[in-house]
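Taken in order, these protein sequences are the chains called A and B. Residue numbering for the first sequence is 1 to 171, as defined by this note's numbering. Residue numbering for the second sequence is 1 to 171, as defined by this note's numbering. We treat Cβ as the ideally placed atom computed from N, Cα and C, and that holds for glycine. These numbers were taken from a predicted model, which means no experiment stands behind them.
2 protein chains.
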Amino acid sequence: MGNKPSGTAGKTSRKPPMREFSRSLPMALLRSREAVMRQFRPSLRDHGLTEQQWRILRALTSIEQMEVSELARATYLLEPSLSRILRDLEARQLIQRRSPESDLRRGIVSLTPAGSALIDAVAPISEAIYAEITRRYGAKKLEALHEMLRELETELLAIPVKNGADADGDE
Amino acid sequence: MGNKPSGTAGKTSRKPPMREFSRSLPMALLRSREAVMRQFRPSLRDHGLTEQQWRILRALTSIEQMEVSELARATYLLEPSLSRILRDLEARQLIQRRSPESDLRRGIVSLTPAGSALIDAVAPISEAIYAEITRRYGAKKLEALHEMLRELETELLAIPVKNGADADGDE
DNA sequence: AAAAACTATTTAACATGTTAAGTTGATCAG
DNA sequence: CTGATCAACTTAACATGTTAAATAGTTTTT
Numbered sequence: 001m002g003n004k005p006s007g008t009a010g011k012t013s014r015k016p017p018m019r020e021f022s023r024s025l026p027m028a029l030l031r032s033r034e035a036v037m038r039q040f041r042p043s044l045r046d047h048g049l050t051e052q053q054w055r056i057l058r059a060l061t062s063i064e065q066m067e068v069s070e071l072a073r074a075t076y077l078l079e080p081s082l083s084r085i086l087r088d089l090e091a092r093q094l095i096q097r098r099s100p101e102s103d104l105r106r107g108i109v110s111l112t113p114a115g116s117a118l119i120d121a122v123a124p125i126s127e128a129i130y131a132e133i134t135r136r137y138g139a140k141k142l143e144a145l146h147e148m149l150r151e152l153e154t155e156l157l158a159i160p161v162k163n164g165a166d167a168d169g170d171e
Numbered sequence: 001m002g003n004k005p006s007g008t009a010g011k012t013s014r015k016p017p018m019r020e021f022s023r024s025l026p027m028a029l030l031r032s033r034e035a036v037m038r039q040f041r042p043s044l045r046d047h048g049l050t051e052q053q054w055r056i057l058r059a060l061t062s063i064e065q066m067e068v069s070e071l072a073r074a075t076y077l078l079e080p081s082l083s084r085i086l087r088d089l090e091a092r093q094l095i096q097r098r099s100p101e102s103d104l105r106r107g108i109v110s111l112t113p114a115g116s117a118l119i120d121a122v123a124p125i126s127e128a129i130y131a132e133i134t135r136r137y138g139a140k141k142l143e144a145l146h147e148m149l150r151e152l153e154t155e156l157l158a159i160p161v162k163n164g165a166d167a168d169g170d171e
């Protein structure tokens with residue numbers, strides 16, 4: 001229905017159509033990720049947290065103190081987003097900030113007791129969900145998937161980004 | 001420093017720490033996807049398109065005419081986002097809309113000649129990038145990855161979302 | 001030391017993600 | 001046929017993604 005093979009109305013198109021949409025790798029990754037997050041979002045929401053806010057709190061559990069830029073890398077958030085979210089988390093007194101006297105530009109972020117308490121409340125639920133996913137999908141397969149994703153990322157980072165405007169490194 | 005391995009110092013922590021952040025599946029999927037998109041974004045940007053705008057145009061290549069809600073499912077965009085983007089694409093005359101007389105609520109979207117032309121300009125570059133990714137990562141491995149992601153998604157959709165507020169289907 | 005160059009972070013501006021509410025047209029009960 | 005209900009979109013409101021510019025503090029150059 002309405003799915004004509006080629007020839008976009010009027011002009012003779014010689015070019016082959018692009019690959020099927022469903023074979024798009026970005027789409028596949030997006031769909032998978034959304035399917036995963038759909039499991040976690042409700043419990044986060046119940047605790048008044050967004051996915052990104054949770055990423056930040058979670059990162060601070062393992063490292064306790066981090067500079068803003070470190071935290072950005074750890075959570076894979078861009079610094080402008082992080083900056084805004086930190087402001088909110090600080091206002092909610094879930095995190096606190098201070099600057100070392102040696103360099104006042106830097107900000108060192110850490111959890112407050114309230115932040116730790118919130119994590120303690122949410123973590124068990126998250127872990128349970130993760131365990132269920134692992135059980136269903138299979139621990140081995142899950143590990144294999146992680147490995148394949150890691151390889152994909154590594155391989156892609158090695159490709160210089162080709163385009164008209166900017167080169168890969170900097171110019 | 002400041003990276004205490006839990007429980008060995010300071011306060012007696014009874015709860016086990018959460019899994020390492022790097023083992024988080026959502027993070028892994030996010031990182032992979034970003035690595036992929038980093039390849040595509042520049043060329044899209046050169047043509048004045050965002051990733052989502054491209055998804056829409058691309059979807060309309062294979063189906064030519066789609067209702068808004070169909071398009072939302074096809075592109076995996078939420079309807080509010082789609083609604084805004086369609087407004088912009090329409091203003092730029094890359095797509096056009098009409099409503100069937102039988103049901104004026106519906107909107108049927110299709111590409112304009114300019115939209116088709118834009119796709120013809122971008123598609124070869126996208127295909128080349130995709131080919132390079134496939135070559136580097138391996139066609140077989142890529143297919144395997146697609147399959148694993150598909151299975152993950154399927155498995156996850158089968159899990160009822162457990163949380164406090166809303167039940168899964170409807171109540 | 002003062003100007004220039006650099007660094008860490010924040011602001012700004014615009015696009016999208018996300019949930020809730022509003023609009024308009026279609027359908028159905030009475 | 002009229003009011004209730006439903007369906008397809010759109011708007012609204014707020015949070016984040018993304019790129020560029022601004023701020024403020026630090027280091028280097030002269």
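Sequence-distant residues of its chain with Cβ nearer than 6 Å to residue i (five each side left out)
i: residue 68 of chain A; result: 107
i: residue 122 of chain B; result: 47
Spatial neighbours of residue i in its chain, beta-carbon cut-off 7 Å, leaving aside the 5 residues before and after
i: residue 110 of chain A; result: 60, 64, 65, 95 and 96
i: residue 156 of chain B; result: none
Range covered by the beta strand (DSSP E) that runs through residue i
i: residue 151 of chain B; result: Here residue 151 of chain B belongs to no beta strand (DSSP E); instead the alpha helix (DSSP H) covers 139-158.
Enclosing alpha helix (DSSP H) for residue i [first to last residue]
i: residue 70 of chain B; result: 68-75
Contacts around residue i, its chain only, beta-carbon distance under 8 Å, and the 5 residues preceding and following it disregarded
i: residue 258 of chain B; result: The shown model of chain B, from 1 to 171, leaves out residue 258 of chain B, and the question about it has no answer.
i: residue 89 of chain B; result: 53, 56, 57, 95 and 115
i: residue 100 of chain A; result: 106 and 108
i: residue 72 of chain A; result: 78, 79 and 82
i: residue 133 of chain A; result: 36, 39 and 142
Any non-hydrogen atom of the ligand PLP closer than 7 Å to residue i Cβ
i: residue 83 of chain B; result: Of ligands this structure carries none, so the ligand PLP is not represented either.
*Would you mind listing the alpha helix (DSSP H) stretches within the region 87-137 of chain B that are 4+ residues and don't spill past its ends, in chain order?*
113-137
*asked:* So within the region 22-62 of chain A, which uninterrupted alpha helix (DSSP H) runs reach at least 4 residues, ignoring any that extend past its ends?
replied: 25-46
*With 8 Å as the limit, tell me which residues of the region 31-44 of chain A have their beta carbon closer than that to any beta carbon of chain B; keep them in chain order.*
31, 32, 33, 34, 35, 36, 37, 38, 39, 40, 42 and 43
*Contacting positions in the region 138-159 of chain A - beta carbon closer than 8 Å to chain B*: 141, 142, 144, 145, 146, 148, 149, 150, 151, 152, 153, 155, 156, 157, 158 and 159
*Just by C-beta distance, which residues in the region 73-99 of chain A are closer than 9 Å to chain B?*
74, 75 and 76
*Quick one, which residues of the region 97-123 of chain A are near chain B if we go by CB-CB under 7 Å, in chain order?*
120 and 123
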